[in-house]
Amino acid sequence: MILVLSTDKDRDWRAITHMAELAWGHRVSVTNGAGEARFGERVSTGVPGLDEVLGGGLPQGHMYLVEGESGAGKTTLGMQFLLEGHRRGERTLWISLSEAERELELIAGSHGWSLSGIAVANPASPARELDPQQQYSFFSPGDVELDDIRNAVVAAVEHVQPTRVVFDPFSDIRHLSRDVLRYRRQVLSLRELFASYDCTAILMQEGTRTGEGDLQAEALAHGYITLQQDTADYGSQRRRLRVHKMRGIPFRDGYHDFAIRTGGLEVYPRLVAADHVEPMPETTLSSDVPELDALIGGGLRRGSSTLLMGPAGVGKSIIATQYAVAAARQGETVALFIFDETARSFLDRSARLGLDLRDLAESGHVQLRQVDAAEFSAGQFTHMVVRAVSDDGASVVVIDSLSGFLSAMPEERFLSSHLHELLTYLGHRNVVTILTLAQHGILGSQLSSPLDISYLADTVLLLRYFEAFGAVRRAISVVKKRTGNHEVLVRELGVNDSGLHIGPPLADFEGVLTGNPRFTGIQADLSRDAR
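For the sequence shown, this note's numbering gives the first residue as -13, with consecutive numbering after it.
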């Protein structure tokens, strides 16, 4: 055992335990002259995904600051934290300085919760009996002096002896303190109070900062989390959180998307692909169309990503669906994420082209998910894909299309980073990933992509329209494959009610892929199946 002596009274000496154990890999006992104790247990926040961000939950017995503007989700998070403690049989305390009874009940009721069993203290009435079934009353911070509030809080904690506390809003203490020194003393006093009962406390603070005093709680708290909300140009608000500090423990830094649904907050941890590496098998996925597999060089390799690029309606989705159906018929689980059309439309169109997915969807081998880009953030969508692989066992993932995924991004410059991490994760999990990307335009040489992500994919198939003898026809070619050989020919692609067909090489045409085809042979060389 290692003994550490701390003489800094302003320091949260329990934090030294976590930092020392993390650095040295030994059990550490810390004393500051007031006593000796060991710490290391984690407390679940009750918020799906947040414990993962924190590496297992909040270290027990410390004080934390959660900051955000009005409507960011602070109160909802606090309720989830206390309800999780109540579910585990712990004593919980809500200290309310401004919420009226009706407001608290509305918040809890909107999520289907009941606050019965959670003690609620109102510092306006220090002598009030703190029974879990007690009624709430409205309190205006300006009506009571700061010392009266603190005394009421002390009385509430001594009476309930909670293991979890939420103080909402703690910002009122800052306003009543009037100066930085007094505010700092109040924060230290509360930290010592909660620590004396080994209580895990969360202080809720409004996000608008007005001076140096606003930094005191942040500096003295064991951990500091911010909740942010941004209004998109179209669609629902984009919400994200960030853990700025968490003393003594590793956590997943950066921004993490979250949503507020009926039932509370759900956090979508930022994906770190390096945490999910598996051995890669040397196998391929067949499309059950020999000519298509031959074009690609034997099928799609496990753990690889394939990008299908071309104008709208050229056949990208049908090729992706062909591989999905082939995998599902072999007993694999396929996750299809559809951005550009409804699930019903997708199923009807596929059936008309000889690829009926309905029975496969009913059996669970095909999981069709219609994604509304206006309602989902990129982080939330990434979380959906990860869950499909980790929880549902999907070995094939189809994203149709990346154009829809792009519209889900408030800021386009981050799309490549999201995709890179997602594709790396899917590759590490040996998932066959198929993506489609619609290019702007239909015919000619002016086709362009909304974003160049071809460098992220292992294999790239280019599809084009071309005009020949009074008809619009299709062409397909593999322009990139990182590992293994592939055909370098441009072939004709046909799509009809019996499925897709790969025709002979367009040897008598030049300039098909550039959008300026020129015929140099005879009409009989074109495939009849491709018409």
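All C-beta atoms, glycine included, are put in the ideal place defined by N, C-alpha and C.
Just so we're clear, the structure is a prediction, and the values are computed from it rather than from any experiment.
Glutamine 215 and alanine 364 have their C-alpha atoms roughly 15 angstroms apart. The beta carbon of threonine 78 is closer than 6 angstroms to those of Leu68, Gly71, His72, Ile104, Pro148 and Arg150 in its chain, skipping five residues each way along the sequence.
The Cβ atoms of serine 387 and threonine 422 lie closer than 9 angstroms to each other. Going by C-alpha positions, leucine 206 is about 19 angstroms away from valine 139. Note: valine 139 is not bridge-paired with any residue in the DSSP secondary-structure output. The segment 285 to 302 makes no contact with the segment 487 to 495, as fewer than three CB pairs between them are under 8 angstroms. The beta carbons of isoleucine 188 and phenylalanine 153 sit closer together than 9 angstroms. Between valine 417 and threonine 248, the alpha-carbon positions lie close to 32 angstroms from each other. Inter-residue distance for leucine 346 and alanine 454 is about 38 angstroms (C-alpha atoms, whole angstroms). Burial state of phenylalanine 362 is buried, judged by a 10 Å Cβ sphere holding 16 or more other Cβ atoms. Judged by their CB atoms, proline 297 and histidine 487 are not nearer to each other than the 9 angstroms cut-off. For leucine 179, the CB contacts under 7 angstroms within the same chain, skipping 5 residues up- and downstream, are Val140 and Val143 in chain order. Burial is judged here by how many other beta carbons sit within 10 angstroms of a residue's own beta carbon; glycine 480 has at least 16 and is buried. Under the 10 Å beta carbon count, leucine 201 is surrounded by fewer than 16 other beta carbons and is classified as exposed.
Here glycine 209 really is in contact with methionine 232; their C-beta atoms are around 4 angstroms apart, less than 8 angstroms. In the displayed model, glutamine 215 falls within a strand according to three-state DSSP. Secondary structure note for valine 372: its alpha helix (DSSP H) is the uninterrupted segment 364 to 376. Secondary structure at histidine 404: helix, using DSSP grouped into helix, strand and coil. Counting other Cβ atoms within 10 Å of its Cβ, proline 155 reaches 16 or more and is therefore classed as buried.
If you look at alanine 424, you'll find it in the beta strand (DSSP E) that goes 418 to 425.
With fewer than 16 other beta carbons inside 10 angstroms of its own, arginine 373 counts as exposed. With a 10 Å radius around the Cβ and a threshold of 16 neighbouring Cβ atoms, glutamate 131 comes out exposed.
Straight through space, the alpha carbons of aspartate 261 and aspartate 219 are spaced by roughly 34 angstroms.
Setting aside the 5 residues that flank it on each side, isoleucine 159 is surrounded in the same chain by Gln172, each with a C-beta closer than 6 angstroms to its C-beta; the list follows chain order. The Cβ atoms of valine 446 and isoleucine 420 lie no closer than 9 angstroms to each other. Here valine 464 is near leucine 448, since their CB atoms are less than 9 angstroms apart.
In the DSSP annotation of this structure, the continuous segment of the alpha helix (DSSP H) that includes threonine 61 starts and ends at 60 to 73. Taken atom to atom, the span from the alpha-carbon of leucine 401 to that of leucine 392 is near 7 angstroms.
For proline 276, the enclosing alpha helix (DSSP H) has its first and last residue at 276 to 282. Judged by their CB atoms, alanine 329 and valine 320 are not nearer to each other than the 9 angstroms cut-off. DSSP places isoleucine 188 inside the beta strand (DSSP E), whose first and last residues are 186 to 192. By the Cβ neighbour-count rule, leucine 167 is exposed, with fewer than 16 other Cβ atoms within 10 Å of its own. Contact annotation: tyrosine 183 and glycine 35 have beta-carbon atoms that are not nearer than 9 angstroms. In summary, arginine 74 is exposed, with fewer than 16 beta-carbon neighbours lying within 10 Å of its beta-carbon over all protein chains present.
Per DSSP, the continuous beta strand (DSSP E) segment holding leucine 448 begins and ends at 445 to 454.
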